[in-house]
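>
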Amino acid sequence: MDREPLTRWLVQDAKAIPHATELVEQLCARMVQAGVPLQRVALGARILHPLVRDIAFFWRADRSGVEYHEFGHVIEEQPRFTRSPVAAIERGAPSIRRRLTGPGVLLDYPILEELRAEGMTDYLALPMHFSSGQTSASTWATDQPGGFTDAQVALLQEALDILSLLLEIRVHRRVAGVLLGTYLGWGAGARVLKGHVRRGDIETIHAVIWASDMRGFTALSDQVPKDQLVAQLNACFECQVGPIQERGGEVLKFIGDGLLAIFRVHGLRSQAQACNAAMEAAMEALAALQRVNAAQDPALPPLRIGLALHLGDVEFGNIGAPDRLDFTVIGEAVNVTSRLEGRCKPLKRHLLLSRAVAERLDERHTLVDLGPQPLEGLRRPLDVFGVDPDPGADPR
53 MDREPLTRWL
63 VQDAKAIPHA
73 TELVEQLCAR
83 MVQAGVPLQR
93 VALGARILHP
103 LVRDIAFFWR
113 ADRSGVEYHE
123 FGHVIEEQPR
133 FTRSPVAAIE
143 RGAPSIRRRL
153 TGPGVLLDYP
163 ILEELRAEGM
173 TDYLALPMHF
183 SSGQTSASTW
193 ATDQPGGFTD
203 AQVALLQEAL
213 DILSLLLEIR
223 VHRRVAGVLL
233 GTYLGWGAGA
243 RVLKGHVRRG
253 DIETIHAVIW
263 ASDMRGFTAL
273 SDQVPKDQLV
283 AQLNACFECQ
293 VGPIQERGGE
303 VLKFIGDGLL
313 AIFRVHGLRS
323 QAQACNAAME
333 AAMEALAALQ
343 RVNAAQDPAL
353 PPLRIGLALH
363 LGDVEFGNIG
373 APDRLDFTVI
383 GEAVNVTSRL
393 EGRCKPLKRH
403 LLLSRAVAER
413 LDERHTLVDL
423 GPQPLEGLRR
433 PLDVFGVDPD
443 PGADPR
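Residue numbers (the numbering used here): 53 to 448.
(1) Spatial neighbours of Ile141 within its chain, please: CB distance less than 6 Å, with the 5 preceding and 5 following residues excluded, ordered by chain position.
(2) Can you tell me where the beta strand (DSSP E) holding Ser188 begins and where it ends?
(3) Which residue's Cα is closest to the Cα of Leu377: Ala240, Ser264 and Leu103?
(4) Rounded to whole angstroms, what is the Cα-Cα separation between Thr191 and Asp174?
(5) Who are the near neighbours of Val118 in its chain, counting only those whose CB is closer than 6 Å to its CB and skipping five residues on each side?
(6) Out of Val436, Thr418, His417 and Val420, state which residue places its alpha-carbon closest to the alpha-carbon of Pro426.
(7) State buried or exposed for Phe306, treating a residue as buried only when at least 16 other CB atoms are found within 10 Å of its CB.
(8) Identify every run of the beta strand (DSSP E) within the segment 304 to 358, keeping only runs that are complete inside it and at least 3 residues long; order them along the chain.
(9) What did DSSP end up calling Asp114 once you bin it into helix, strand or coil?
(10) Using the DSSP secondary-structure output, state which residues sit across from Thr380 in a beta bridge.
(11) Pick out the complete alpha helix (DSSP H) segments inside the segment 129 to 191, 4 residues or longer, and give them in chain order.
(12) Let's test the definition: count the other Cβ atoms within 10 Å of the Cβ of Thr418 and tell me whether it reaches 16, buried, or not, exposed.
(13) Given a cut-off of 8 Å on the beta-carbon distance, is the pair Ala313 and Gly301 in contact?
(14) For the alpha helix (DSSP H) that contains Thr270, what are its first and last residues?
(15) CA-CA distance, Met335 and Leu236?
(16) Reducing DSSP to helix, strand and coil, say where Phe200 ends up.
(17) Which residue comes first and which comes last in the alpha helix (DSSP H) that contains Glu298?
(18) On the three-state DSSP scale, how would you describe Ala410?
(19) Smallest Cα separation from His402: which of Leu392, Val409, Ala408 and Glu411?
(20) Return the chain-ordered ranges of every beta strand (DSSP E) run that is complete within the segment 53 to 132 and spans a minimum of 3 residues.
(21) Applying the criterion that 16 or more other CB atoms from any shown protein chain within 10 Å of the CB defines a buried residue, is Ser184 buried or exposed?
(22) Kindly give me the distance between the Cβ atoms of Gln91 and Ala242, rounded to whole angstroms, as I take these residues to be in contact under 8 Å.
(23) Closer than 7 Å by C-beta to Arg267: which residues in its own chain qualify, once you throw out the five before and the five after it? Chain order, please.
(24) State the beta-bridge partners of Ser264 as determined by DSSP.
(25) How close, in whole Å, do the beta carbons of Leu363 and Val409 come, if the pair is a contact with beta carbons under 8 Å?
(26) Pick helix, strand or coil for Gly301, following the three-state DSSP scheme.
(27) Among the candidates Ile261, Val388 and Thr187, whose CA atom is the shortest distance from the CA of Leu212?
(28) Among Leu167, Asp253, Pro146 and Leu208, whose alpha-carbon lies nearest the alpha-carbon of Leu62?
(29) Sort Phe133, Ala66, Cys327 and Gly198 by Cα distance to Leu45 and report the nearest one.
(30) In three-state terms, what does DSSP make of Thr234?
(31) For the segment 212 to 224 against the segment 249 to 263, do three or more pairs of beta-carbon atoms, one drawn from each stretch, fall closer than 8 Å, so that the two count as touching?
(32) Excluding the 5 residues flanking Phe182 on each side, which residues of the same chain have their C-beta closer than 6 Å to its C-beta?
(33) Take Ile163 as the anchor and find which of Pro146, Val157, Phe133 and Ser147 has the nearest alpha-carbon.
(34) How about Val138 and Gly124: do their beta carbons lie closer than 8 Å?
(35) For the beta strand (DSSP E) containing Gly438, list its first residue and its last residue.
(36) Return helix, strand or coil for Val388, following the three-state DSSP convention.
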């Protein structure tokens with residue numbers, strides 16, 4: 053068994069592989085070349101994510117590529133996980149070795165029955181220790197008669213020390229991207245990862261601006277307990293964020309009970325396409341709110357928003373103090389959109405459009421001309437349009 057080429061690859065060449073899936077695939081192939089008869093490999097890692105607890109990479113000798121899976125936090129309550137060697141490793145077991153054939157076979161984990169039925173002869177679970185202090189599990193199975201040899205196990209353990217570091221770097225980069233996307237928005241998060249971190253690092257973009265505000269939030273805060281208030285606010289935002297992101301929009305921030313988003317105009321999306329995408333998202337968001345209202349306790353006030361769409365140039369980038377920056381949009385078009393949203397209440401409308409958006413929409417929507425409307429801070433009135441019928445009318 054020749055271990056030197058594998059060790060040299062791990063130390064010198066593997067660090068240049070950008071993606072974890074490719075790293076795992078090459079590692080397993082080189083392990084086999086080095087004389088370790090792997091059949092099944094699984095490598096996991098904990099991540100910081102509001103929805104995902106673990107990510108895992110699965111390799112099998114009889115399949116091409118590496119499968120990538122994400123597991124939600126609910127996995128902690130599932131017997132398949134809690135009664136697994138992976139959970140035991142995370143709880144501090146130094147290693148778990150189970151031979152799957154021969155006398156005295158111990159099949160004390162459900163997964164072992166499955167592996168033996170597939171023809172595996174030996175199973176090994178080893179910890180991967182990360183610099184954060186977290187421990188994740190790696191599992192290795194073979195169908196070699198007699199199982200792994202001592203030399204093969206030693207090579208696995210030796211390689212795992214280096215692999216843990218290589219995998220951690222790639223997982224941390226992924227976590228950074230996920231967290232930045234979650235808290236800044238995907239477009240802003242990607243720019244930060246690419247190095248756009250200096251104050252004043254600004255670009256001018258053409259976009260449809262979405263500004264919305266929850267109606268009756270102050271009154272609601274006096275009527276319901278704090279946890280119910282947060283649940284209502286989250287439901288209001290959830291009804292909007294999904295439709296926005298599904299149609300290529302970027303949620304930039306939540307401002308109290310308000311939301312700011314953009315739909316960029318670029319080489320692959322024209323002004324008309326961006327306007328129609330924003331309009332479709334707005335209609336779906338308002339419809340989603342209607343569904344929530346119809347299903348919730350009639351004693352609760354219905355969820356309503358005021359929403360405005362406008363098209364214009366904005367400055368997109370880092371704004372703030374030297375040591376506290378915000379990735380956001382500024383400019384006259386943003387101010388116009390915010391002021392336009394403020395006209396929803398006096399006009400008794402849930403969705404208002406500027407002429408710049410309205411004249412670029414297709415014929416699926418019936419618009420009503422609400423005439424020139426005065427906007428605070430603007431010298432000239434703005435031509436404003438609504439939708440007929442208004443999509444935010446309460447169905448109850």
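C-beta: ideal position from N, C-alpha, C; glycine also.
With the structure as the only source:
(1) Here the set comprises Ala177, Pro179 and Ala189.
(2) Counting along the chain, Ser188 sits inside the beta strand (DSSP E) bounded by residues Thr187 to Thr194.
(3) It is Ala240.
(4) Looking at the two C-alpha atoms, the distance is approximately 11 Å.
(5) Contacts found: Thr73, Val76, Glu77, Phe109 and Trp111.
(6) Taking Pro426 as reference, the option from Val436, Thr418, His417 and Val420 with the minimal CA-CA separation is Val436.
(7) Of the other Cβ atoms in all chains shown, fewer than 16 fall within 10 Å of the Cβ of Phe306; this residue is therefore exposed.
(8) Taken in chain order, the unbroken stretches of beta strand (DSSP E) that lie wholly in the segment 304 to 358 and span 3 residues or more are 310 to 317.
(9) When secondary structure is reduced to three states using DSSP, Asp114 falls in the coil class, being assigned neither helix nor strand.
(10) DSSP, once it has assigned bridges, lists Gly369 as partnering Thr380.
(11) Inside the segment 129 to 191, DSSP marks whole alpha helix (DSSP H) runs of 4 or more residues at positions 131 to 134, 137 to 142 and 162 to 169, from first to last along the chain.
(12) With fewer than 16 other Cβ atoms within 10 Å, it is exposed.
(13) Yes, the pair counts as a contact, with Cβ atoms nearer than the cut-off.
(14) In this chain, the alpha helix (DSSP H) harbouring Thr270 covers Phe269 to Gln275.
(15) So the two alpha carbons sit approximately 24 Å from each other.
(16) Correct three-state label for Phe200: coil.
(17) DSSP places Glu298 in the uninterrupted alpha helix (DSSP H) bounded by Lys278 to Glu298.
(18) DSSP, reduced to helix, strand and coil, places Ala410 within a helical segment of the structure shown.
(19) The residue with the shortest Cα to Cα distance from His402 is Leu392.
(20) The segment 53 to 132 contains these whole beta strand (DSSP E) runs: 90 to 98, 104 to 112 and 118 to 124.
(21) Ser184 comes out exposed.
(22) Not confirmed; about 38 Å, so no contact.
(23) Apart from the 5 residues on each side of it in sequence, Arg267 sits with its Cβ closer than 7 Å to the Cβ of Arg356, Ile357 and Gly358 in its chain, given in chain order.
(24) DSSP, once it has assigned bridges, lists Leu311 and Leu359 as partnering Ser264.
(25) The Cβ separation is near 5 Å, so the contact holds.
(26) Looking at Gly301 - three-state DSSP - the assignment turns out to be coil, as it is neither helix nor strand.
(27) Ranked by Cα distance from Leu212, the first of Ile261, Val388 and Thr187 is Thr187.
(28) Answer by Cα proximity: Leu208.
(29) Here the chain comprises residues numbered 53 to 448, so residue 45 is not present and cannot be evaluated.
(30) In the structure shown, Thr234 sits in a helix (DSSP, three-state: H, G or I).
(31) Short answer: they don't touch.
(32) Excluding residues within five positions, the ones whose Cβ falls inside 6 Å are Glu220.
(33) Closest by alpha carbon: Phe133.
(34) For the 8 Å CB-CB criterion, Val138 and Gly124 do not form a contact.
(35) Counting along the chain, the beta strand (DSSP E) containing Gly438 begins and ends at Leu434 to Val439.
(36) Three-state result, Val388: helix.
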